[in-house]
Structure formats: structure tokens, C-alpha cells
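To keep things clear, I will list the structure first and then write my remarks on it.
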Amino acid sequence: MKKVLAMALSAVMACSMATSFVPADDGEKTTLTMWCIATESDANHPAYVKAVEEYEAAHPDIKIEWEAFENESYKTKIKAAMSDPSTLPDIFFTWSGAFLGDFAAAGTAYCLDEAYKPYAEQLPEVMLQNSTYDGKHYAVPLTMNIVTLFANMDLLAEAGYDHVPETYEELTACCDALVEKGIVPFGCAGKETWCVTEYLEPIIEKTIGYEEMNEIFAGRSTWNNPEIATAVDTLQEMINKGYFDPNGIALGNDEVKANFLAGKTAFYQNGSWNCGEVNDAEGNFQAALFPVMNSEKATYGQVIGGPNDALAVSASSPNAELAAEAAFELGKEICHYGYLAGSGLPAWTPDYDISEVKPLVADVAEMVANADGMVLFGDNAMSADPANTYLDYVAMVYGCEINGEEFVEGLTGDLG
Amino acid sequence: MKKIYSNKLHILIFLLPALILFCGVLIAPLGASFYYSFFKWDGMGPKTFLGFQNYKELFSSNAIGFMKALRNSLLLALFSVVLQLPLALGLALTLGKKIKGERVFLSVYFMPVLISTVVIGQLWLKIYNPDYGILNVALRSMGLESLTRIWLGDKKVALAAVFVPTLWQYVGYHMLLLYAGVKSVPVELREAAMLDGATDGQVNRYIVLPYIKPILRVSVIFAITGSLKSFDLIYVLTNGGPLHATEVPSTLMINMLFKRNRYGMGSAIAVMLILLCFAFALLINAIFRGED
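For the record, the sequence lines run as chains A and B.
Numbering-wise, our numbering puts 121 at position 82 of the first sequence, and it's gapless, one number per residue.
Numbering-wise, our numbering puts 1022 at position 98 of the second sequence, and it's gapless, one number per residue.
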């Protein structure tokens, strides 16, 4: 009896093991896997859900199996998977610039030139510039985002301002008035250094101009520029004048944003993906850009950002061609629903009713439409190692460990 | 049964699955880390052989900050031995005396070990919050405003602030190990000492402590190697910041591997961590053996 039982259990185990190695075959359906960062708490989550639902409804023979991961852990996961491309999903979320560039150079991302052709009219080629390497396209942009200066107009009114300051002199006067009223002007999350770059990069851009900044991020020009030192000193002057919440150094971005939305700080400078959330929050908010520091080299319309969030296809995917087409279809709809929800600006030309776009999102979309020039976020524009060296120096600036001259000197020595 | 055990082939067959598992999940990755540590590799493209260059850079480069991270780990190990273990031992000795509510206290002290580190991290993040954290609120309410700090944002106090929950979390773990040892001391020995007029302190010093020495050795090894490997709580609380003030070798390794794509350097840190843990385990064993 024991022998029979043992044999029966062995047979069950063998069957279960055998079935686990059989590829999932949902009838006649082809399954495409996708990894992204649209977790349930992410502003883009509903857009992904709708896009996948619509895609599956339009393609009954294809099933999209998608998983979402938290932003920071996703970076670790995707990089670890890249060292063994067989573990990659068919479609994966990526940031453009150097992040995707590393994958393209290693041959782990699939070239999308052919798949792009039918979508060329809806997706202007300029939107693909940050994911194009050696003239080849490697990703489908979803939304585009820029650094936006969000202002709580109720708090500004308390300081006697009915508009967001448009010049640096006016901004400092406004901050002085706010401080006098006991209101903290800015909040910035020191725990996440990319949030500090959202303050520093616009100041540098508005001091040296977007063209020179692009050259520096691309490694074609040197950091050894005294005007960058001046820009860094400007940020530190603002910190030392008490314009920034001193507690911010120990806080994460979510906490700083919550403080702003709760009316604890008057300004919050961060990505335009926050537009929807700020728009829906209780209070009177407006969006603007950081003012010009040097009018000879920069204009108000120069922005930090661009099409950055994207979907790429794994070169090792057995269904790469199909996945490429799916990536474009999904990308288009994620962009559509993300724009309407206010979680990003459209990288794709809208072919739908935009009358219900949230007012704050529409304002920022207009700023982008009138932009004079764009510089991709520094930590995306540079490849991983130099980007983290740069972030280390930015963290030291926010902690007032180094001044502008030391920032320039250090980066010139380490990055050129 | 005796026949089966006497057959070496059978023994090998029985041990083989565990051996394969052990080699697959421990020895092979160790070998791979050691191999990668000699290369410059971004995890995707071709590898460039560097020899011992990664190790040289690890110990000489201020930019990488390995020595600072190692110093932080060693400091944590020191505090584990001089603060955490004596506290755990004190609790174990007290609870071992069959005090009232022994089981309840045991469960309460052991509870932090059972709770997920991420949850503990979130808990302490709230305690340290500069605005509404209970620590600053308590200091303010006692009129000690000058002592309030941005605990996890001020690089002068961040390391100490991170050490407190790290040490607190595992007091219960060491207490349980030592408690088991204290409980295993034969009652006759205690009673004989008491009959000879020994006080509680003397019983602990001359009977209990020598008796639980092997467990103490294990606790010291766990405390020191655990400190060298510490990662999760520090990652949740500060991720090595502010300005690398709370960096430990494990957070630095993650930084090198997955943020900077420096797989060779990250592997070199992993190898150094393993070697250090082995070295300390051997050293502690030698010290205890010497005392024996």
C-alpha cells in the first residue's frame, strides 16, 4: 500500500513539474509579458489598466500579462535581468537617454524602426530623439514631462502676491515676504537626490542656456564653467536664506509633496507628472517655470525635461515583432489616458477630445508647446556611473558641503 | 538501516540533493562574484579583465568610500558587542530566574525580530520624523527644544540614529539564544552554589556564564557578522545617506551594482564582505578557544 501511495505521489509530482515547464497556452492566444512601474499607487496605473484592456479587446488572440514594480526596485530588477536577457519580459518600461542607451548598446533592446513607420504621423519623430541611438529608434515614448514650479496661490496671497513671480528678483522678494509671514517657501526631498536636481538643473539652465547644458550632459562640453558655479551658489543662497524647509533633507518626495499639498510650503518644483494630483488637491494652485537668471543666454521658455518614460522591447523576445507593434499600441493609449488623468503631457499627437484635460495640465502643455529648448533630466541624460557621480555632488550642494566652485572643480575632475 | 549507512554510495546519494542545493545557491554565486571581481563589467556588454585593480581602487579611492562604509560597519559591530549583547544577556539572566510573567516578557522582547524589517523601518522613520516624530515631540514637550534634530538628515547624528533601531531589533534574538542557554544550566549546580552561600551575581558569574560560553560565542559571531552584513534597515531608513554618512558595505555594493552598473566593483565588495565575515568568525573562535 505504501509503495502504491509513494508511486502515486511521485506521479503527481512529476506531472506538476512537467506542466510547469509547458509554456502558458491560453487556447489560441499568444501571451506577451510586460514590466512597468505603474503600481497601484502610481498616477499612471489607471492609464495602463485601460490601455491593456482596450488592446486585448481589439486583439482577442493576444494576452498581455503585466507586472508593476516600485520605481527604485524596478531599476535594480531590470538591470539584473539585462545580465541574463532570457529573463526579460517581451515589453519593458524604460527611461530614455543613457538608461536605455546602455541596453541599446548591449543589444538587449529591439530596434523599433520598422514598427514605427505606421505610427509616424501620430508620433512626431522629435519625440523619439531621446530614445534614438546611432540613428535607430529603441523605445516608444509614453508621456513627456518637464520640471514645473507649482505654487500655492492662497499662501502667495498672504504674502501679497496674486501671481507666480516671473523674474528672479521678484521670486526672492516673494520668498522674503513668505518667510516674514512664517511660511516656508520651498520643500525639497533631500533623501531622493533627483528631487534636488529638479531645483538645481532649472537654475543652471536659466543661467547658462539649454544648448550649453545639453552639450555638458552629453559629454561634449566641460563642467568647468564659472557660470555653473554661480548657479550653484544661487541655490545655496536660497537655502541659507531659509527659503527651503530644513526638514526636507531627511524627507522623501512623497512627504515633501504632501507638505505642499497640505499648505505647509508655498512652492514645490518637481515633474509635471504631478499636475493631475496638484490639480485635484484642495486649494488654489498654479503652474509656472523657474525664472530666468541670465537673459543673455536663457529664456523663460527653456525647460528641463522631455519625452522620457517609454516602452521598449526585448531583443530576446520570441515575439519581438508582435511585441513591438503592441508596444506602440499600448504606448499610444497609455499616453492618451495618462494625459487626460494629468499624469503626464502627451508625447503622441492627441486625436481625441481634449476639452476635459485638467486646467493645470493644459497650462503646462501650453508651456511645452511654447518651449524654446529642452534639456533632458541630468540623471537620465548621463549613463549610470557618471550620473551617480553627478548626483553625489548635487547632494553635497544641497547639504552645503561644497560651494559652486568646488562643485565645478569636482565634476570637472571626475567627469571632464 | 545499519547496512544502508555503512554503504558510502548510499550516503552520497542521500547527501547529494542537499550538496547540489548548497553548491548551487551558495558556492556557485560566491565563485561567480569572485570571478566578476576581476573585471570591469556593466552587467550587459563585454567584460574587461582588470586583475586586482577593483580591489586596489576599493581600498584607495575616497570617491567610492569603502573604508568609511567599513568603519561604519565595524562601529556597529562594536556597539553590538558592547551594548546589544550585554543587554540581551541581562534580559536572559533576569528571565531565566523564573520571574513572574516570564513568557510574556520573552514574547515582548522577541517581537521586533518577528516583525518585517521594512515595517520596523517605517516605524522608526515616523519616530524620527523632524515634524511630528515622537522623539522631537517628546523633547519639545520636556523643554529640550535645543536637543531636537533632523535625526536622519543630519550627518552628525544620522549614523547613531540608524544604529539605535538596528541594535534594538536584534536584542530579542540574542536574548532568546542566551535564555535557552541559561535555562539549560542544571538546577543542581545552581542549588549547590546557593547552598555554599553564593549570591545571584556570583551564581551568574561562576556557574551560568561559563556554562553558556559556547552560546555566547555563537551570539558574538552572529552579532559581528550580522553587523558587517547589515543592509535592510539602513536601506529603508537612509539608503546610506545623508551624504554617505550611514553607508555600510552592503548599501555601497547595491549602489555599485545596480545604480552605477559597476558589476566588477560590486562583486569585489561582496568578496571583501565574505572574507571579513570569515575572518571575524575565525578570530572570535580563536579568542574563545584561547580563553578555554
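For every residue, glycine included, the Cβ atom is placed at its ideal position computed from N, Cα and C.
Practice task
Give the interface partners of Thr147/A over in chain B, defined as CB-CB distance under 9 Å, in chain order.
Solution key: To locate residue 147/A, count along the first sequence from 1; it is residue 108. Those are Met968, listed as they occur along chain B.
Exercise for the section: Helix, strand or coil for Lys156/A, going by three-state DSSP, please let me know. Expected result: Sequence index remark: in the first sequence, residue 156/A carries index 117 (1-based). Note: Lys156/A maps to helix in three-state DSSP.
Exercise for the section: Spell out a yes or no on whether the stretch 128 to 143 of chain A and the stretch 91 to 99 of chain A are touching, meaning 3 or more CB-CB pairs, one atom from each, closer than 8 Å. Expected result: no
Problem - Interface partners of Asn1185/B on chain A, CB under 8 Å - result: Residue mapping note: residue 1185/B aligns to position 261 of the second sequence, counting from 1. Those are Lys118, Asp141, Ser422, Ala423 and Asp424, listed as they occur along chain A.
Exercise for the section: Could you list which residues in chain B have their beta carbon closer than 9 Å to that of Thr115/A, in chain order? Expected result: Taking the first sequence and counting its residues from 1, one reaches residue 115/A at position 76. Here the neighbours are Ile1178, Leu1181, Phe1182 and Lys1183.
Problem - Terminal residues of the beta strand (DSSP E) in which Cys75/A lies - result: By one-based count along the first sequence, residue 75/A stands at place 36. Counting along the chain, the beta strand (DSSP E) containing Cys75/A begins and ends at Thr69 to Cys75.
Handout entry: Thr115/A versus Asn286/A - alpha carbon distance
Key = Translated into the one-based positions of the first sequence, residue 115/A becomes position 76. Translated into the one-based positions of the first sequence, residue 286/A becomes position 247. If I take the Cα positions, the gap works out to 28 Å.
Exercise for the section: Compute the Euclidean distance between the alpha carbons of Thr232/A and Ile1023/B, then round it to the nearest angstrom. Expected result: Within the first sequence, numbered from 1, the residue matching residue 232/A stands at position 193. Within the second sequence, numbered from 1, the residue matching residue 1023/B stands at position 99. Rounded to whole angstroms, Thr232/A to Ile1023/B spans 51 Å at the Cα level.
Exercise for the section: Identify which residue in Val1111/B, Ile988/B, Asp1078/B and Ala1210/B has its Cα closest to the Cα of Asn427/A. Expected result: One-based indexing of the first sequence puts residue 427/A at position 388. That would be Ile988/B, whose Cα lies nearest to the Cα of Asn427/A.
Handout entry: Assigned secondary structure, Val203/A (DSSP; H/G/I helix, E/B strand, else coil)
Key = Mapped onto the first sequence, residue 203/A falls at position 164. Three-state result, Val203/A: coil.
Problem - Cross-strand partners of Phe946/B (DSSP beta bridge) - result: As a first step, residue 946/B is located in the second sequence; it is residue number 22 there, counting from the start. In the DSSP output, where bridge partners are listed per residue, Phe946/B has none listed.
Handout entry: Same chain only: Cβ atoms within 6 Å of Tyr437/A, ignoring 5 sequence neighbours per side
Key = What you label residue 437/A is simply residue 398 of the first sequence in a count that begins at 1. If we look at Tyr437/A and ignore the five residues flanking it on each side, its Cβ neighbours are Gly229 and Val235.
Problem - Chain-ordered chain A contacts of Asp1055/B [CB-CB under 7 Å] - result: As a working mapping, residue 1055/B is identified with position 131 in the second sequence. Under the 7 Å cutoff, chain A gives Asn286.
Problem - As assigned by DSSP and simplified to three states, the class of Ile267/A - result: Translated into the one-based positions of the first sequence, residue 267/A becomes position 228. Note: Ile267/A maps to helix in three-state DSSP.
Problem - Pairwise C-alpha distance: Ala952/B and Leu940/B - result: In the second sequence, counting from the first residue as 1, residue 940/B sits at position 16. In the second sequence, counting from the first residue as 1, residue 952/B sits at position 28. Distance between the alpha carbons of Leu940/B and Ala952/B: 16 Å.
Problem - C-alpha distance - Gly1057/B paired with Val1006/B, whole-angstrom precision - result: One-based indexing of the second sequence puts residue 1057/B at position 133. One-based indexing of the second sequence puts residue 1006/B at position 82. Roughly 28 Å separates the two Cα atoms.
Practice task
Have a look at Thr972/B and Ala380/A and give me their C-alpha separation to the nearest angstrom.
Solution key: Residue numbering aside, residue 972/B sits at position 48 when the second sequence is read from its first letter. Residue numbering aside, residue 380/A sits at position 341 when the first sequence is read from its first letter. The straight-line gap from Cα to Cα measures roughly 47 Å.
Problem - Option nearest Ala1085/B by Cα separation, candidates Phe1003/B, Gly1188/B and His1098/B - result: Your numbering for residue 1085/B matches position 161 in the second sequence. It is Phe1003/B.
Handout entry: Minimum C-alpha distance to Val1032/B - residue among Asp1124/B, Leu1019/B, Thr1041/B and Val1042/B
Key = The residue you call residue 1032/B lines up with position 108 of the second sequence. Cα-wise, what sits closest to Val1032/B is Leu1019/B.
Problem - Rounded C-alpha distance that separates Ser1108/B from Leu945/B - result: Working through the second sequence from its first residue, we reach residue 1108/B at position 184. Working through the second sequence from its first residue, we reach residue 945/B at position 21. Cα to Cα, the separation comes out at about 34 Å.
Handout entry: Contacts that Ile1074/B makes with chain A (C-beta to C-beta distance below 8 Å)
Key = The residue labelled residue 1074/B in the question sits at position 150 within the second sequence. Chain A residues near Ile1074/B: Pro285, Asn286, Ile288 and Ala289.
Practice task
For Tyr1052/B, decide whether its Cβ has a neighbour in chain A, counting only Cβ atoms nearer than 9 Å.
Solution key: Looking up residue 1052/B in the second sequence gives position 128. Taking Cβ atoms only, chain A reaches closer than 9 Å to Tyr1052/B, which makes this a yes.
Handout entry: Contacts that Gly438/A makes with chain B (C-beta to C-beta distance below 8 Å)
Key = Working through the first sequence from its first residue, we reach residue 438/A at position 399. Chain B residues near Gly438/A: Lys1079, Pro1166 and Leu1167.
Problem - Straight-line Cα distance separating Glu250/A from Phe446/A - result: What you label residue 446/A is simply residue 407 of the first sequence in a count that begins at 1. What you label residue 250/A is simply residue 211 of the first sequence in a count that begins at 1. Cα to Cα, the separation comes out at about 20 Å.
Handout entry: Closest residue to Asn419/A among Asn318/A, Val179/A, Gly140/A and Phe299/A (Cα-Cα distance)
Key = What you label residue 419/A is simply residue 380 of the first sequence in a count that begins at 1. It is Gly140/A.
Exercise for the section: Along the alpha helix (DSSP H) that carries Glu250/A, what are the first and last residues, could you check? Expected result: On the first sequence, position 211 is the one that residue 250/A refers to. From DSSP, the alpha helix (DSSP H) with Glu250/A extends over Tyr249 to Phe256.
Problem - is_contact[Leu454/A, chain B] using C-beta, thresh 9 Å - result: What you label residue 454/A is simply residue 415 of the first sequence in a count that begins at 1. It does not: the Cβ of Leu454/A has no partner Cβ on chain B nearer than 9 Å.
Practice task
Would you verify that the beta carbon of Asn1163/B is, or is not, closer than 9 Å to some beta carbon of chain A?
Solution key: Against the second sequence, residue 1163/B aligns to sequence position 239. Interface residue, yes.
Handout entry: Min CB distance Gly417/A to chain B below 9 Å
Key = Taking the first sequence and counting its residues from 1, the one referred to as residue 417/A is at position 378. Chain B, which has no Cβ nearer than 9 Å to the Cβ of Gly417/A, makes this no.
Handout entry: Identity of the residues DSSP links to Tyr307/A by a beta bridge
Key = As a first step, residue 307/A is located in the first sequence; it is residue number 268 there, counting from the start. Answer by DSSP bridge pairing, in chain order: Phe189/A.
Practice task
May I ask you to report which of helix, strand or coil DSSP gives Lys1021/B?
Solution key: Along the second sequence, read from residue 1 onward, the residue named residue 1021/B stands at position 97. Note: Lys1021/B maps to coil in three-state DSSP.
Exercise for the section: Grab me the residues of Ser112/A's own chain with a C-beta within less than 7 Å of its C-beta, minus the 5 sequence neighbours each way, in chain order. Expected result: One-based indexing of the first sequence puts residue 112/A at position 73. Cβ within range, chain order: n/a, list empty.
Exercise for the section: Would you decide whether Asn986/B is buried or exposed? Buried here means 16 or more other CB atoms lie within 10 Å of its CB. Expected result: Taking the first residue of the second sequence as position 1, residue 986/B is located at position 62. Exposed: under 16 other Cβ atoms inside 10 Å.
Problem - Nearest neighbour of Leu274/A, chosen from Pro85/A, Phe142/A, Lys245/A and Ala326/A [CA to CA] - result: On the first sequence, position 235 is the one that residue 274/A refers to. It is Lys245/A.
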